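Numbering-wise (the UniProt record's numbering), the sequence shown opens with residue 1 and increments by one.
Working notes, structure below.
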Amino acid sequence: MERRRRVPNPLALAVLAWLMWEPMHPYELGRRLKQTGQDKLIRYTRSSLYMVIEQLARAGFVAAQETVRDSARPERTVYAITDEGRHEVHDWLRSLLAQPRQEHPHFAVALSLLSLLPPDEAVEVLRRRSAALAGRIEETRTTIDEARADGVGWIFLVEEQYALALLEAERRFVTDLIESLKQPDYAKSWQETMGGRA
């Protein structure tokens, strides 16, 4: 069983990972998250970023290193990762990579209730999902191709490759589900079961 983290927010892991490269202030951390596209994987606001850094400092994973003064900008505190923080990031990363987690995506909830919709309507909304997935697949492939053309190493694209694999698998699943819902025996079964309740 995975142990409980003192700062369990995924944003904390990203902050610790960036501070492994070099000390930096929260503004720079936010800029790096956007620059690398990690802000699409980890939702956060400016205030939540500062809150997570404060939590990491209280946990002893990061420490204020210096305060930078610039006449054009307000004071900025530069944070550095501690030895305990380095241990935490490595332990957390190993755990996330090694142990599958039970996650609860909204789509799975909707699938568990799919029989509430008439078959024709279910097919229609799933066709819309399939089209949306096709668009996201194309966008992700373009991102990967452009990054490769710019000389980005494959190791820095593994999260995009993973996202692409998930999107493609989900689209195959949705396509197969649509075909199953179009079968006459399903429509007949739905009518017998749900016809009076719909």
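Quick reminder that beta carbons are idealized off the backbone N, C-alpha and C, glycines included.
Treat the numbers as computed from the prediction; the structure is a model and nothing was measured.
beta-carbon residue i near the ligand FAD non-hydrogen atom, thresh 6 Å
i	result
T77	The ligand FAD is absent from the structure shown, which contains no ligands of any kind.
Reference residue i, options the options, closest by Cα
i	options	result
I144	M24, A132, A163 and T45	A163
A187	A169, G135, D150 and L114	L114
A98	H104, V123 and H90	H90
S47	L29, T36, P119 and L96	L29
Q38	Q55, M51 and W18	W18
L177	V68, R3 and S112	S112
Euclidean distance between Cα positions of residue i and residue j
i	j	result
V152	V158	11 Å
V15	S130	35 Å
A198	E139	Unreliable placement is indicated for A198, whose pLDDT of 49 sits below 50; no coordinate value is reported for it.
L181	V123	7 Å
residue 212	P26	Residue numbering for the chain in the displayed model covers 1 to 198; residue 212 lies beyond these limits and cannot be assessed.
L167	D70	45 Å
L49	M24	13 Å
Extent of the continuous alpha helix (DSSP H) run through residue i
i	result
R86	D83 to A98
E179	V158 to L181
T143	P119 to A149
M20	P10 to W21
A7	It is worth fixing the name first, because residue 7 is Val in this sequence and not Ala. No alpha helix (DSSP H) holds V7; DSSP gives it neither H nor E.
E54	R46 to A59
Q102	Premise fails: Q102 is in no alpha helix (DSSP H) and is neither H nor E.
M194	P184 to M194
R31	P26 to Q35
L41	Q38 to L41
For residue i, the residue or residues it bridges with in DSSP
i	result
A64	Y79
Buried or exposed by the 16-neighbour rule on C-beta atoms within 10 Å, applied to residue i
i	result
P8	exposed
I155	exposed
W190	buried
L33	buried
F61	buried
V109	exposed
E66	exposed
W21	exposed
P105	exposed
A149	exposed
L56	buried
E88	buried
G85	buried
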